[in-house]
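Residue numbers for the sequence shown follow our numbering, beginning at 642 and rising by one. The beta carbon of each residue, even a glycine, is placed where N, CA and C say it ideally should be. These figures come from a predicted structure and were not determined experimentally.
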Amino acid sequence: MKFGITALALFTATLFSVSVAMSEPGKESDVGKARVPADEMEEAREWKNPFPATPENIAKGKALFTGKATCFTCHGNEGKGDGIAGAALDPGPRDFHNPLMKNRQAGEYMWVVQNGIEGTGMISYSPGIVSEEEAALIVLFEMSLLK
Ligand code: HEC
């Protein structure tokens with residue numbers, strides 16, 4: 642009987658830790674916390690997107706996001722953070738529809754695309770993989786998802 646209870650307790654504990662471990666990857670980090678380091682924030686926030694948010698420019702940004710820039714592999718085609726390559730990442734890719742993203746400035750998005758986020762799957766994409774102009778178009782698309 643004693644053995645039975647210990648075994649049951651062990652089994653429950655294992656199940657619990659497995660479910661905790663499984664719920665972590667793919668989950669996005671706290672959006673309330675800025676991704677740009679404090680000492681670079683002022684400069685980042687001053688950046689203004691040179692492209693107006695016209696449907697044409699947003700479509701160009703989406704084509705890059707879902708194409709050669711490979712953002713979709715982690716962030717998903719619609720930017721929901723549900724791309725197949727993002728499922729195993731901890732923290733998971735950002736969901737650009739998260740309403741708290743409304744507090745971000747365009748320059749904060751841009752900073753991340755240029756610098757990446759240390760210690761996460763988010764690497765630097767510009768100027769290596771996309772040009773600064775292409776990155777700016779992608780930022781237009783990402784921010785359009787909030788409307
Ligand atoms: C290999 C997976 C992966 C790819 C590909 C990827 N990202 Fe990310 N991205 C992440 C992860 C993971 C995070 C969240 C990091 C964190 O929470 O600190 C993130 C975060 C971001 C953020 C920060 C959002 C915020 O909270 O301010 C931006 C902007 C972003 N990605 C843009 C892009 C763009 C644009 C591309 C394509 C050029 C791209 N990402 C490609 C994994 C990826």
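Cβ distance (whole Å) where residue i is taken to contact residue j below 8 Å
i, j, result
"residue 789", "residue 676", "As shown, the chain starts at 642 and ends at 788. That puts residue 789 outside it, with no answer to give."
"residue 727", "residue 673", "Actually they are not in contact, since the Cβ atoms of residue 727 and residue 673 sit about 20 Å apart, beyond 8 Å."
"residue 791", "residue 753", "There is simply no residue 791 to check, as the chain begins at 642 and stops at 788 in what is shown."
"residue 710", "residue 774", "The Cβ separation is near 12 Å, so there is no contact."
Distance CB(residue i)-CB(residue j) smaller than 8 Å
i, j, result
"residue 778", "residue 717", "no"
"residue 720", "residue 786", "yes"
"residue 733", "residue 783", "no"
"residue 724", "residue 737", "no"
Helix, strand or coil at residue i according to DSSP, with G and I counted as helix
i, result
"residue 673", "coil"
"residue 733", "strand"
"residue 723", "coil"
"residue 752", "helix"
"residue 715", "helix"
"residue 772", "coil"
"residue 710", "coil"
"residue 668", "coil"
Length of the line joining the Cα atoms of residue i and residue j
i, j, result
"residue 751", "residue 715", "17 Å"
"residue 690", "residue 729", "32 Å"
"residue 766", "residue 744", "23 Å"
"residue 722", "residue 788", "17 Å"
"residue 740", "residue 681", "24 Å"
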